[in-house]
Structures are given as C-alpha cells and as structure tokens.
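> Basically this note's numbering = 1-based index in the sequence shown + 1.
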Amino acid sequence: MTEIIDGNAVASEIRSEISGCVETLTEAGVTPGLATVLMSDDPASETYVSMKQQDCEEVGINGIHVEIEPDAPSEELFETIDRLNDDPEVHGILVQLPVPDHVDKRAVIRAIDPAKDVDGFHPENVGRLVAGDARFKPCTPHGVQKLLEAYEIDTEGADAVVVGRSDIVGKPLANLLIQKAPQGNATTTVCHSRTDDLAAKTSTADIVIAAAGVPELIDGSMLKEGATVIDVGVNRVDADTDKGYKLVGDVDYESAKSVAGAITPVPGGVGPMTRAMLLYNTVAAASDHHDIEIELP
Ligand code: NDP
C-alpha cells in the first residue's frame with residue numbers, strides 16, 4: 002500500500018504547536034509580528050500573501066501588510082524594508098517574490114535584516130545553513146524535512162535525488178539533506194535542466210524530491226519500487242474546470258503512486274508545510290530577538 006503523505010494534517014499539528022509558542026511569547030509581553038510586502042499585481046502573488054496573512058491571524062501572529070505599486074521606483078521598496086527593519090514590532094519580513102524587473106531582487110534580499118529574514122534567503126542565512134548552523138531554514142525545504150520526519154522516512158544513508166537547483170528550494174534542500182544532522186545524512190544528487198538522463202538518476206533513488214516547475218516531469222517508470230516521492234511542484238495546466246485550469250505537481254501522481262512507497266499529493270502535500278514553516282520562522286525570530294525560550298515543534 003502506498004502511503005499518502007498528508008501535508009495538511011502535519012501542517013495543522015505544527016500550527017497548533019506554534020499557537021502554543023505564540024501564547025508563551027504573548028504572556029511574556031511579546032506578540033510576534035510578520036510583515037509581508039507585495040510589489041506586484043500578479044493574482045497568484047496576491048493570493049499567496051493573503052494566505053500568509055490569514056495564517057498569521059489564525060495562530061495569533063500580528064500580521065502587517067504593505068503594498069507597493071508595481072511601477073513605483075525601487076527606492077520605495079528599499080525604504081519600506083528599512084522601516085520594517087527598524088520596527089520593533091516586526092520580527093519577520095517577507096518580500097513576496099518575484100519583484101518587478103526594474104527592482105534588483107538580490108539587493109532586496111540583502112536589504113532585509115538577516116535576523117528578520119524569515120524566508121532564509123539572505124546570504125548570511127544561506128551561509129549559516131550551508132555551515133550547519135542555520136538561523137532560519139527556508140520554508141519549503143524545512144517543510145519537506147518535517148514531512149519526512151512526521152512519516153518516519155529515514156534520510157540517513159538514503160540515496161536522495163533533488164530535481165531542481167533553485168535558491169529557494171533545490172539548493173537549500175540539498176544542503177539540508179547532506180548535513181550531518183537529523184533529517185540529513187542522505188547521499189544527495191542534485192539534478193537540473195542540463196542533467197543528462199534524469200530517469201537514470203531518479204530510478205535508483207530512495208527519496209525523490211521534485212522541484213522543477215515542469216508539470217508531471219517524473220512518472221512511475223522513473224522511480225524505484227517503494228521510493229518516497231515528495232512533489233514540491235505547483236503548476237497550472239489548462240483544464241475543463243470552472244477556472245479553466247487545474248494544479249498539478251512535477252510528478253505524474255497516478256503512475257508514481259503505483260510504484261512509490263510514500264508520496265505527497267498536489268495540492269495538500271508540501272504547500273501547507275511551506276506556509277506553516279513561515280509561521281515557525283516568525284515565532285523563532287521573535288523568541289531569539291527577545292531571548293524568550295519556547296518549544297518549537
Ligand atoms: P525555479 O524555476 O526557480 O527552478 C526550477 C529548477 O528546476 C531549476 O534548477 C531548473 O534547472 C530545474 N529544471 C527545469 N526543468 C527541468 C527538467 N526538465 N529536468 C530537470 N530539472 C529541471 O523553480 P522553484 O524552485 O522556484 O520552484 C519549483 C517548483 O516548485 C515550481 O512548480 C513552484 O511553483 C513550486 N514551488 C512550490 C512551493 C510549495 O510550497 N509547494 C514553494 C516554492 C516553489 P536550471 O537551473 O538548469 O534552470
């Protein structure tokens with residue numbers, strides 16, 4: 002029987018534990034605050050940000066939202082970040098990516114105070130993660146680790162293949178999997194668009210994590226019997242639905258499910274975990290800043 006990895010259920014447990022952490026902090030006089038900044042009129046980005054704000058409200062985090070016109074000068078965004086860096090009520094800052102073309106994305110990431118960089122994208126935080134001393138683990142890779150942990154999927158000594166090498170998913174995930182630490186110690190291969198014979202890599206892996214942004218790139222014929230399959234991909238494809246599209250992952254779910262030992266669905270797999278880990282990082286930032294001990298899940 003293939004185990005279906007239920008991201009909604011694991012995320013919901015984590016969120017309830019985070020609510021407890023928020024309570025502890027609030028009793029100590031600190032309400033964790035997360036600022037989201039949106040400089041885009043892309044409907045998907047708008048939806049992501051509003052979900053993050055809704056998540057904050059649910060666990061008692063103070064959500065602050067700033068919108069900047071997409072055609073505003075980039076200085077407006079940098080001034081906003083400076084202001085939020087200085088705001089004692091803000092413990093975490095998230096600038097929703099992508100930013101418009103006229104804004105230097107790397108400069109935006111560098112402008113955020115590393116102690117408030119709850120996405121974990123600032124070079125200082127990337128360096129700390131690689132060095133095995135992570136301050137904030139980026140939300141999606143951290144969420145993947147938590148899913149593996151919740152389903153007792155042992156990474157130690159496992160052959161793991163990460164498909165994708167982006168700064169936000171593939172690279173940090175591979176770095177976490179190779180750490181000499183719990184949910185690490187995997188022998189990790191990173192594949193990308195120039196990988197020669199992807200199937201040869203995935204078909205020998207104990208754990209395949211797909212983060213390529215290519216609909217149904219990986220099917221059952223590319224997997225080893227009993228492999229764990231974590232599908233990070235979220236892709237819109239045309240479909241005969243009310244919206245005119247449906248969401249599919251980077252894995253062909255039906256064929257992969259018939260081979261895999263455990264698999265995440267899309268939606269309902271990694272997505273809810275990404276959202277939960279943002280709350281986790283925000284609470285961790287508040288606890289660190291005020292030196293208040295909490296028990297994070
Ligand atoms: P990027 O587009 O930044 O990176 C995609 C990576 O996949 C690149 O490294 C690219 O290689 C590689 N790739 C592309 N095509 C292939 C291919 N045919 N074979 C092997 N590798 C390939 O995407 P992200 O990392 O930002 O996101 C990946 C997916 O995950 C997307 O569908 C995104 O929507 C989703 N996502 C989901 C989240 C969630 O919470 N569920 C959170 C974040 C992302 P190269 O470097 O050579 O170009």
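Glycine residues also receive a C-beta, built at the ideal position from the N, C-alpha and C atoms.
Can you tell which of S20, A228, V11 has its C-alpha closest to the C-alpha of V260?
A228
> What are the start and end residues of the beta strand (DSSP E) that includes K53?
It is not in any beta strand (DSSP E) - K53 instead sits in the alpha helix (DSSP H) that spans 44-60.
> Taking 8 Å as the cut-off, is the beta-carbon of I69 closer than that to any non-hydrogen atom of ligand 1?
No - ligand 1 has no heavy atom lying nearer than 8 Å to the Cβ of I69.
> Among P273, I19, A257, which one has its Cα closest to the Cα of Y281?
Out of P273, I19, A257, the CA that lies nearest to the CA of Y281 is found in I19.
> Could you tell me how far apart the beta carbons of K181 and G133 are, in whole angstroms, since I believe they sit closer than 8 Å?
Confirmed, about 7 Å.
> What did DSSP end up calling Y281 once you bin it into helix, strand or coil?
helix
> Buried or exposed for M278, please, with buried defined as at least 16 other CB atoms from any protein chain shown within 10 angstroms of its CB.
buried
> Out of V215, G165, I169, state which residue places its alpha-carbon closest to the alpha-carbon of K202.
For the residues V215, G165, I169, the minimum Cα distance to K202 belongs to G165.
> To the nearest angstrom, report how far apart S4 and I231 are at their CA atoms.
For the sequence presented, residue 4 should be read as Glu rather than Ser. Cα to Cα, E4 sits roughly 12 Å from I231.
> Quick check on V238: buried or exposed, where buried means 16 or more other Cβ atoms within 10 Å of its Cβ?
exposed
> Return the first residue and the last residue of the beta strand (DSSP E) that E68 is part of.
63-68
> According to DSSP, simplified to helix, strand and coil, what is N1?
In the structure as shown, the chain begins at 2 and stops at 298. Residue 1 is therefore absent and cannot be evaluated.
> Among E24, P142, E14, G221, which one has its Cα closest to the Cα of A287?
E24
> Among the residues of its own chain, which have a CB less than 7 Å from the CB of E90, if the five just before and after it don't count?
G34, N63
> State the Cα-Cα distance for the pair D72 and P101, rounded to the nearest angstrom.
8 Å
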